[in-house]
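Take a look at the structure set out below.
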């Protein structure tokens, strides 16, 4: 859902950076409290995720580095630091340590009822905020400079969006883990973009795709003992994306190809018809018959196209003679005028 | 002297250490249709963006009708360069024009029937009403420019800043746009346009500013649009025939 915003901001990798940046937060929270309480750990993740994000922003605004460089830098530094802390924790004589590495790839099975409630509440808050500031989010995504001239504080809107993306990521960490979280954020949005040209529908679809991948992924992993849930969910989401790329009616590859071929065929027909029109034009009576041979002078002519024109009722055949029907003549003259109009 | 619509004092803008605009003083009287001309990199867009507070100047101040710009935002509308946004964004022409009403709505409030009506009227003015439900990526460059213009018209401002509205549009769109601009001037609005085509300056505009990092000259086209100022601005011997 929130992923839609990330995709449209061309900041898709931000999600990846944030989720990796959350890892040291988890480790530090554990080191400080010494307990594996989910909420404390996620709070740590949230804090370090936010720190990472705002570092990225300040690197981009204050230095000459491009945003992908800044993202990559923060991502690897934070992740490296997080791994370092994890290995350090592993060497400590503390029975609690086992299970922290679950956050790397996620473990839906570790979720308990209170976690689910927490997720539901935060999702609810996200929804309310999104609906409230829908107009502001939309215009900022489309045209930030213009938004500023209208008198909106673009920084506030920006921070609001970014904070909620961070929040969503941190919540998802427990399920799909640090490494795969960004796919969970982006895949539903990328898939949804293929199906619609409206922002509201895109966000709604992304939410549905996301929820479905979650449910379906969990069901698959539960039925097969050894499959871990996070990766299965991500793969299901990935299948959604692939399917959408190929089969969506407007932007999909398959329909694009079909349209292309169809257009080319139509064009061939139109050209042949126009050629016949020119011949017919020279006679007062449009249904004056001509030999089929005459069509051989025309490059694009084949028996197939002639047959198709007959099927459509544009042309009638009589032995080896042809003549245009009333309808064929009208269609052809329309085509011809249209062509002239668009040339001007 | 007429009332001043826009007054710029000592405006200086720099990227890193290189000044892009140097100590600009500019007074634009109410009701003119003004072109800002100058070579590439002269700071034309930067001037507009700093006046509108999109870029932060190092020094200088801007006042609109003798009050600071921040207090007068509602009097000012902006048409950005067409290339500054992603036209693949999932939205329709009508939706983009509606964005022009967001400023007067303020935070949180949603646009309603009144705003929709205003947006439709603006679309009508730019001749884009038949395309209102078209996804914006499926509009031609000239149509996209008209949508941007309509969005600014909806704001019902007194002063319009436009960044190269004629860039990449065909002749018929150019005529349509200039007619709208002239209608705005007729209604007493002030229109400031970043412009590239020197040939059309005397035909389209009545006021002109020459800019090349520094302000070279500003005033009525018939007084200052001459070879001398053009040479000063563009650095080469520039000959434009001006019909008197």
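Residue numbers (my numbering), protein chains in the order written: chain A, 48 to 391; chain B, 3 to 246. For every residue, glycine included, the Cβ atom is placed at its ideal position computed from N, Cα and C. This structure is a prediction, so every number in the text was calculated from the model and none was measured.
Can you tell me whether residue i is buried or exposed, with buried defined as 16 or more other CB within 10 angstroms of its CB?
{"i": "residue 175/A", "result": "exposed"}
{"i": "residue 246/B", "result": "Note that residue 246/B scores a pLDDT of 41, beneath 50, so its modelled location is shaky and nothing firm can be said."}
{"i": "residue 134/A", "result": "exposed"}
{"i": "residue 17/B", "result": "exposed"}
{"i": "residue 123/A", "result": "exposed"}
{"i": "residue 4/B", "result": "exposed"}
{"i": "residue 112/B", "result": "exposed"}
{"i": "residue 71/B", "result": "buried"}
{"i": "residue 349/A", "result": "exposed"}
{"i": "residue 389/A", "result": "Summary for residue 389/A: the model assigns pLDDT 47, below 50, so the residue's position carries little reliability; its value from the coordinates is reported in the next sentence. Exposed, by the Cβ-count rule."}
{"i": "residue 19/B", "result": "exposed"}
{"i": "residue 38/B", "result": "buried"}
{"i": "residue 164/A", "result": "exposed"}
{"i": "residue 264/A", "result": "buried"}
{"i": "residue 177/B", "result": "exposed"}
{"i": "residue 67/A", "result": "buried"}
{"i": "residue 166/B", "result": "buried"}
{"i": "residue 48/A", "result": "Low local confidence applies: a pLDDT of 47 at residue 48/A is under 50, so the model's placement there is unreliable, with the coordinate-based value given in what follows. Label assigned to residue 48/A: buried."}
{"i": "residue 77/A", "result": "buried"}
{"i": "residue 289/A", "result": "exposed"}
{"i": "residue 108/A", "result": "exposed"}
{"i": "residue 241/A", "result": "buried"}
{"i": "residue 235/A", "result": "buried"}
Does residue i come out as helix, strand or coil in the three-state DSSP assignment?
{"i": "residue 19/B", "result": "coil"}
{"i": "residue 110/A", "result": "coil"}
{"i": "residue 70/B", "result": "strand"}
{"i": "residue 224/A", "result": "helix"}
{"i": "residue 310/A", "result": "helix"}
{"i": "residue 24/B", "result": "strand"}
{"i": "residue 37/B", "result": "strand"}
{"i": "residue 246/B", "result": "Low local confidence applies: a pLDDT of 41 at residue 246/B is under 50, so the model's placement there is unreliable, with the coordinate-based value given in what follows. Three-state result, residue 246/B: coil."}
{"i": "residue 207/B", "result": "coil"}
{"i": "residue 218/B", "result": "strand"}
{"i": "residue 115/B", "result": "helix"}
{"i": "residue 159/A", "result": "coil"}
{"i": "residue 388/A", "result": "With a pLDDT of only 49 at residue 388/A, under the threshold of 50, the placement of this residue in the model should not be trusted; the figure read from the coordinates follows. The answer is helix: DSSP assigns residue 388/A an H, G or I state."}
{"i": "residue 393/A", "result": "Missing from the structure shown is residue 393/A; chain A here goes from 48 to 391 and no further."}
{"i": "residue 212/B", "result": "strand"}
{"i": "residue 203/A", "result": "helix"}
{"i": "residue 78/B", "result": "strand"}
{"i": "residue 329/A", "result": "coil"}
{"i": "residue 14/B", "result": "strand"}
{"i": "residue 67/A", "result": "helix"}
{"i": "residue 227/B", "result": "coil"}
{"i": "residue 177/B", "result": "helix"}
Which value, in whole angstroms, describes the spacing of the CA atoms of residue i and residue j?
{"i": "residue 248/A", "j": "residue 91/B", "result": "13 Å"}
{"i": "residue 41/B", "j": "residue 181/B", "result": "26 Å"}
{"i": "residue 192/A", "j": "residue 266/A", "result": "46 Å"}
{"i": "residue 312/A", "j": "residue 303/A", "result": "14 Å"}
{"i": "residue 230/B", "j": "residue 197/B", "result": "19 Å"}
{"i": "residue 352/A", "j": "residue 343/A", "result": "12 Å"}
{"i": "residue 391/A", "j": "residue 320/A", "result": "Model confidence at residue 391/A stands at a pLDDT of 37, short of 50, so the residue's coordinates are unreliable; what they give is reported in the following sentence. Looking at the two C-alpha atoms, the distance is approximately 22 Å."}
{"i": "residue 173/B", "j": "residue 215/A", "result": "49 Å"}
{"i": "residue 2/A", "j": "residue 129/A", "result": "Any property of residue 2/A remains undetermined from this structure, which presents chain A solely from 48 to 391."}
{"i": "residue 278/A", "j": "residue 218/A", "result": "16 Å"}
{"i": "residue 244/B", "j": "residue 198/A", "result": "In this prediction, residue 244/B has a pLDDT of 49, which is less than 50 and means its spatial position is unreliable; nothing more can be read from the coordinates."}
{"i": "residue 204/A", "j": "residue 271/A", "result": "44 Å"}
{"i": "residue 87/B", "j": "residue 61/A", "result": "20 Å"}
{"i": "residue 104/B", "j": "residue 187/A", "result": "11 Å"}
{"i": "residue 276/A", "j": "residue 257/A", "result": "14 Å"}
{"i": "residue 149/A", "j": "residue 72/A", "result": "14 Å"}
{"i": "residue 194/A", "j": "residue 373/A", "result": "57 Å"}
{"i": "residue 100/B", "j": "residue 121/B", "result": "5 Å"}
{"i": "residue 60/B", "j": "residue 216/B", "result": "15 Å"}
{"i": "residue 226/B", "j": "residue 237/B", "result": "16 Å"}
Can you round the beta-carbon distance between residue i and residue j to whole angstroms, since I take them to be within the 8 Å contact cut?
{"i": "residue 134/B", "j": "residue 125/B", "result": "6 Å"}
{"i": "residue 162/B", "j": "residue 128/B", "result": "Residue 162/B to residue 128/B, Cβ: 13 Å. No contact."}
{"i": "residue 66/B", "j": "residue 81/B", "result": "The Cβ separation is near 17 Å, so there is no contact."}
{"i": "residue 98/B", "j": "residue 153/B", "result": "6 Å"}
{"i": "residue 112/A", "j": "residue 121/A", "result": "Not quite, the Cβ-Cβ distance comes to about 11 Å (not below 8 Å), so this is no contact."}
Would you list the residues sitting across from residue i in a DSSP beta bridge?
{"i": "residue 9/B", "result": "29/B and 65/B"}
{"i": "residue 192/B", "result": "161/B"}
{"i": "residue 365/A", "result": "368/A"}
{"i": "residue 337/A", "result": "369/A"}
{"i": "residue 137/B", "result": "94/B"}
> Of all the residues that make up the segment 169-183 of chain A, which are near chain E by a beta-carbon distance shorter than 9 Å?
Replying inline: Checking the listed chains, one finds no chain E in this structure; the protein chains it contains are A and B.
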